[in-house]
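Asks:
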Amino acid sequence: AQKITQTQPGMFVQEKEAVTLDCTYDTSDQSYGLFWYKQPSSGEMIFLIYQGSYDEQNATEGRYSLNFQKARKSANLVISASQLGDSAMYFCAMREGGTPAAGNKLTFGGGTRVLVKP
Amino acid sequence: NAGVTQTPKFQVLKTGQSMTLQCAQDMNHEYMSWYRQDPGMGLRLIHYSVGAGITDQGEVPNGYNVSRSTTEDFPLRLLSAAPSQTSVYFCASARSENEKLFFGSGTQLSVL
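Those protein sequences? They're chains V and F, same order as listed.
Residue numbering for the first sequence follows the numbering used here, beginning at 1 and increasing consecutively.
Residue numbering for the second sequence follows the numbering used here, beginning at 1001 and increasing consecutively.
As structure tokens, then:
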């Protein structure tokens, strides 16, 4: 089974509207972390937001928020008030295990391409 | 602020050639890792390190070697390049296992 599943290969969103990007994950670990990264056409990987499995509050970073539903194993990214510069690939990723020896290894989903229309 | 520096940015190899992709970070991060990204896909972990002298394999380690003699550097060696290794390679570092990865700008490698 895929560890990280992003079911939306691509989507359009109107400028200034909100968009939700889906991410479901599969793990048997109790301690894990979920990340979202943005990859614009220039290719760099830009960190957006992080949610730890023990965090009780949903993470927020500016216009980005993470809708974390632990029982459903989903970690959807919400981008509010979309801007043209939000057009990019978005990747959901998971780090399993919470010990230093486990390292900071991420498993990535296949990504969702977002195109913001003016 | 340099962050994570990868060299070269582009490289073309012939099948069977060897080369080393360089990665250096100036943030004193213990954790470093190498990923590859094939067209239209997410990143896959090749090798990682939790500190100087400690390395381990990721999801797709075959055909690659790493070493970590210093905290700053984490080179990736392709032993005998194959067309299947054509990809974009990213080096990343992190301060701890629970913190975000800082990525380098990537190396686009083509193997003919």
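Note that beta-carbon positions come from the ideal geometry of N, C-alpha and C, so glycine has one too.
It should be emphasised that the depicted structure is a prediction, and the values quoted were computed from it without experimental measurement.
Under 8 Å, Cβ to Cβ, is there at least one residue of chain F near TYR54/V?
Replies: On the first sequence, position 54 is the one that residue 54/V refers to. Output row for TYR54/V: interface = no.
Asks: What does MET1019/F pair with, by DSSP beta-bridge criteria?
Replies: Taking the second sequence and counting its residues from 1, one reaches residue 1019/F at position 19. In DSSP, MET1019/F forms a bridge with LEU1078/F.
Asks: Let's test the definition: count the other Cβ atoms within 10 Å of the Cβ of GLY1016/F and tell me whether it reaches 16, buried, or not, exposed.
Replies: The residue given as residue 1016/F occupies position 16 in the second sequence. Answer is exposed; the Cβ neighbour count stays below 16.
Asks: What residues from chain F crowd round GLY33/V, counting only those whose CB sits closer than 8 Å?
Replies: As a working note, residue 33/V is residue 33 in the first sequence. By Cβ distance, chain F contributes ASN1098.
Asks: Return the chain-ordered list of same chain residues with a C-beta closer than 8 Å to the C-beta of LEU1043/F, the five sequence neighbours on each side being excluded.
Replies: Within the second sequence, residue 1043/F is the residue found at index 43, counting from 1. Correct list, in chain order: TYR1035, ARG1036, GLN1037 and PHE1090.
Asks: Compile a chain-ordered list of the residues in the region 36-67 of chain V whose CB is closer than 7 Å to at least one CB of chain F.
Replies: GLY43, GLU44, MET45, PHE47, TYR50 and GLY52
Asks: Rounding to the nearest angstrom, what Cα-Cα distance links GLU1097/F and VAL116/V in this structure?
Replies: Locating residue 1097/F in the second sequence gives position 97, counting from the first residue. Locating residue 116/V in the first sequence gives position 116, counting from the first residue. So the alpha carbons of these two residues sit roughly 34 Å apart.
Asks: Going by CA-CA distance only, name the one from ALA1052/F, THR1070/F and ARG1077/F that's closest to PRO1061/F.
Replies: Position 61 of the second sequence, counting from 1, holds the residue named residue 1061/F. Relative to the Cα of PRO1061/F, the nearest Cα in the group ALA1052/F, THR1070/F and ARG1077/F belongs to ARG1077/F.
Asks: Please name the residue or residues paired with HIS1047/F in a DSSP beta bridge.
Replies: As a first step, residue 1047/F must be located in the second sequence, where it is residue number 47. Bridge partners of HIS1047/F: TRP1034/F and GLN1057/F.
Asks: Could you run through the region 1078-1089 of chain F and flag, in chain order, every residue whose CB is less than 9 Å away from some CB of chain V?
Replies: VAL1088
Asks: Using a Cβ-Cβ distance under 8 Å, would ALA1052/F count as near chain V?
Replies: For the purposes of this step, residue 1052/F is identified with residue 52 of the second sequence, where counting begins at 1. By this cut-off, ALA1052/F is not an interface position.
Asks: LEU106/V touches chain F at which residues, Cβ-Cβ below 9 Å?
Replies: Here the question's residue 106/V lines up with position 106 in the first sequence. SER1033, TYR1035, LEU1043, LEU1045, ALA1092 and LEU1101, listed in chain order.
Asks: Say whether chain F places a C-beta atom closer than 8 Å to the C-beta of GLY10/V.
Replies: To locate residue 10/V, count along the first sequence from 1; it is residue 10. No, no contact with chain F.
Asks: Comparing alpha-carbon positions, which option in TYR54/V, THR5/V, THR107/V and ASP22/V lies nearest SER31/V?
Replies: On the first sequence, residue 31/V is found 31 positions in, with the first residue counted as 1. Of TYR54/V, THR5/V, THR107/V and ASP22/V, the residue nearest in Cα terms is TYR54/V.
Asks: Closer than 6 Å by C-beta to ASP1073/F: which residues in its own chain qualify, once you throw out the five before and the five after it? Chain order, please.
Replies: As a working note, residue 1073/F is residue 73 in the second sequence. These residues qualify, in order along the chain: ALA1024.
Asks: Taking GLY62/V as the reference, give the member of ARG72/V, VAL78/V, GLY111/V and GLU44/V with the closest Cα.
Replies: Here the question's residue 62/V lines up with position 62 in the first sequence. Among ARG72/V, VAL78/V, GLY111/V and GLU44/V, the Cα nearest to that of GLY62/V belongs to VAL78/V.
Asks: Using 10 angstroms around the beta-carbon of GLU15/V, count the other beta-carbons present and answer buried if the total reaches 16, otherwise exposed.
Replies: Taking the first sequence and counting its residues from 1, one reaches residue 15/V at position 15. Counting Cβ neighbours within 10 Å, GLU15/V comes out exposed, since fewer than 16 surround it.
Asks: What three-state label does DSSP hand GLY1106/F in the structure shown?
Replies: Against the second sequence, residue 1106/F aligns to sequence position 106. DSSP places GLY1106/F in coil when its eight states are reduced to three.
Asks: So what's GLY85/V in DSSP terms, helix, strand or just coil?
Replies: Stepping through the first sequence from its first residue, residue 85/V is reached at position 85. Reduced to three states, the DSSP call for GLY85/V is helix.
Asks: So the beta strand (DSSP E) ASN67/V belongs to, where does it begin and stop?
Replies: Reading the first sequence from its first residue, position 67 is the one you call residue 67/V. Taken as a continuous stretch (DSSP letters only), the beta strand (DSSP E) holding ASN67/V covers 64-69.
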